[in-house]
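Structure first, then comments.
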Amino acid sequence: MTSVWEFLAERFPVEKMDLQHMVQGKTVPVHRMSWAYYLGGITLFLFLIQVVTGLMLLFYYQPTVNDAYESVQYITEEVPGGHIIRNLHAWSASAMIFFVLAHLVTTFAMKAFAKPREVTWLAGIGLLLITFGFGFSGYLLPWNQIAVNATKIGLQSIEAMGQYLPASMAHLPTQLKEIIQGEASVGQATLSRFFVLHVVVLPLLSFGLIGIHLFSVQLHGMSKGVPGEVKKTEKFFPTFIIKDFSTWGAVFFIMFILAVTLPFDAFFSFPLMDPYNARGSTPDGIKPEWYFYMVYSPLEMLPYWLVMLAVNGGIVVLLLAPWIFQHTSIKTLRTLAIGFAFYFVIITLFGDVIYHLVKGGM
Ligand code: HEM
């Protein structure tokens, strides 16, 4: 108990909790990796876009299996500006995932998880998992073919974990799937649960974690981020904040142009966008969102247990990073981060090609 208290007292020093220390006196290091200090702010801005556009969609969206599809169609085709708000929500969701991953990779490469920033890092991992949770739960809400079938596949892959666990624990994944699904098959109970997760539970958790995350960032200042001594700094307020807001303006401009010109679902073929038909056959081409390809593509090629071991092991390593990598040099961390980024880009862009090559060779 005392050691937990000591740990927290060191990470949240009360004597530093004042405006002078956390805002007016704060400085930001200036070096060749300084661009990475803007990635967290951009993620925050995209989250705010999601909150505002999500609230607007809620005025019309109906979370029932009979009305969900039509209500989304109504938003897109009848409500003035509805298609822009829906596209903005969908494009910003993808952009948020991209930036949260870029922020994770760069803070890792800059060793920003090291003491005294462990709590900032752990809150960040929580936010990462929540962001993926937003993606998974939001995908089901339009209740079209791709949404319902992709959700079924996602839930089945949770259940499949049971066969690799010891007998006493083998039922747990099935139980977890049933709790999430709410009934024998994906249906109204599932839609209600995903809806509540997407619009109430995950947003509330995000507000709490973002609060802790930003408070500890302000308390400890930005980490140095590069090996050696940093000679130049700039004031956080107003210099860095003005630049931060300028990046937000640029991001909004890009998101808005995308939302006006390019419907997000233009990338899917028509049968996938049909209303879900429980008695119909599953159309070809069912896939999760692009940001799940890093798990989905290997699942198509490698044994299930191996991929799940890598995913769960990866999450544990990330959670323990402040302790596992406390003596690792920034140079080594940077190499690991570049390795992950390389894997992510290749598997996301060329997962299909690699799958066909591997299958053709067998
Ligand atoms: C919704 C998701 C997130 C939001 C809104 C967010 C926001 C921010 C902001 C505004 C900053 C300060 C500016 C910066 O250094 O970029 C920051 C710093 C930081 N974030 Fe995040 N973040 C999120 C997710 C994550 C994730 C997934 C991680 C990694 C596990 C993470 C780890 C960190 C760390 C370690 C810092 C301190 C950086 C330093 O001291 O140099 N964050 N975050």
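Just so we're aligned, residue 100 is where the sequence shown starts under the numbering used here, counting upward by one. From the three backbone atoms N, C-alpha and C, an ideal C-beta is built for every residue, glycine too. In this text the structure is predicted, and so the values were computed from the model without any measurement.
Residue i versus residue j - alpha carbon distance
| i | j | result |
| --- | --- | --- |
| Val285 | Thr273 | 14 Å |
| Phe306 | Met100 | 27 Å |
| Thr434 | Gly180 | 45 Å |
| Ile414 | Ala283 | 30 Å |
| Ala259 | Leu275 | 11 Å |
| Phe355 | Ile453 | 34 Å |
| Gly281 | Ser102 | 41 Å |
| Val300 | Arg292 | 10 Å |
| Gly225 | Pro302 | 12 Å |
| Ser170 | Asn243 | 12 Å |
| Asp373 | Asp166 | 14 Å |
| Gly438 | Ser428 | 16 Å |
| Ser368 | Pro241 | 15 Å |
| Trp389 | Pro265 | 33 Å |
| Gly412 | Pro402 | 15 Å |
| Phe344 | Tyr263 | 49 Å |
| Gln119 | Val178 | 47 Å |
N- and C-terminal bounds of the beta strand (DSSP E) containing residue i
| i | result |
| --- | --- |
| Val127 | Thr126 to Val129 |
| Glu333 | Lys331 to Lys334 |
The ligand HEM heavy atom lying under 6 Å from the CB of residue i
| i | result |
| --- | --- |
| Trp422 | no |
| Tyr136 | yes |
| Ile224 | yes |
| His426 | no |
| Arg216 | yes |
| Ala211 | yes |
| His202 | yes |
| Val199 | yes |
| Phe439 | no |
| Thr466 | Since the displayed the chain opens at 100 and closes at 461, residue 466 lies outside it and no answer follows. |
| Val316 | yes |
| Thr206 | yes |
| Met393 | no |
| Phe146 | yes |
| Leu301 | no |
| Gly139 | yes |
| Met321 | yes |
| Trp190 | no |
| Leu143 | yes |
| Leu227 | yes |
| Trp347 | no |
Proximal residues to residue i (C-beta, below 6 Å), its chain only, five neighbours per side dropped
| i | result |
| --- | --- |
| Tyr395 | Pro387 |
| Glu217 | Pro421 |
| Val406 | Pro397 and Leu398 |
Any chain D beta carbon closer than 7 Å to residue i
| i | result |
| --- | --- |
| Gln172 | This model lacks chain D altogether, as it is built from one protein chain only. |
Close Cβ partners of residue i (< 7 Å) along its chain, the five nearest in sequence each way excluded
| i | result |
| --- | --- |
| Gln287 | Thr163 and Val164 |
| Phe363 | Asn186, Ala189 and Trp190 |
| Thr230 | Met195, Ile196 and Val199 |
| Phe391 | none |
| Val127 | Tyr136, Met321, Thr332, Glu333, Phe335 and Phe339 |
Residues near residue i in its chain [Cβ-Cβ closer than 8 Å; skip 5 each side]
| i | result |
| --- | --- |
| Pro112 | Leu318 |
| Leu296 | Gly232 and Ser236 |
| Val350 | Ile141, Phe144, Leu145 and Ala194 |
| Val457 | Met400 |
| Lys115 | Met121 and Leu318 |
| Ser315 | Arg110, Phe111, Arg216, Val218, Thr219 and Ala222 |
Segment limits, alpha helix (DSSP H) that includes residue i
| i | result |
| --- | --- |
| Tyr403 | Tyr403 to Leu418 |
| Gln161 | Neither: Gln161 is in no alpha helix (DSSP H) and is coded neither H nor E. |
| Gly225 | Glu217 to Leu239 |
| Met195 | Gly181 to Ala208 |
| Arg292 | Gln287 to Val295 |
| Pro272 | Leu271 to Gln280 |
| Ile257 | Gln244 to Glu258 |
| Trp104 | Thr101 to Arg110 |
| Ala358 | Ile340 to Thr360 |
| His319 | Leu301 to His319 |
| Val325 | Element bounds for Val325: n/a, residue is neither H nor E. |
| Glu169 | Ala167 to Glu176 |
| Ser396 | Tyr392 to Met400 |
Segment contact, 8 Å Cβ cut-off, at least three pairs: the stretch 156 to 170 with the stretch 203 to 213: no
Between the stretch 438 to 451 and the stretch 226 to 245, do three or more beta carbon pairs fall short of 8 Å? no
Would you check if there are 3 or more beta carbon pairs closer than 8 Å linking the stretch 424 to 434 to the stretch 379 to 386? no
Can you confirm whether the stretch 236 to 256 touches the stretch 332 to 340 when touching is taken to mean that 3 or more C-beta pairs between the two stretches lie within less than 8 Å? no
How about the stretch 322 to 333 and the stretch 208 to 218: do they share at least three Cβ pairs that are nearer than 8 Å? yes
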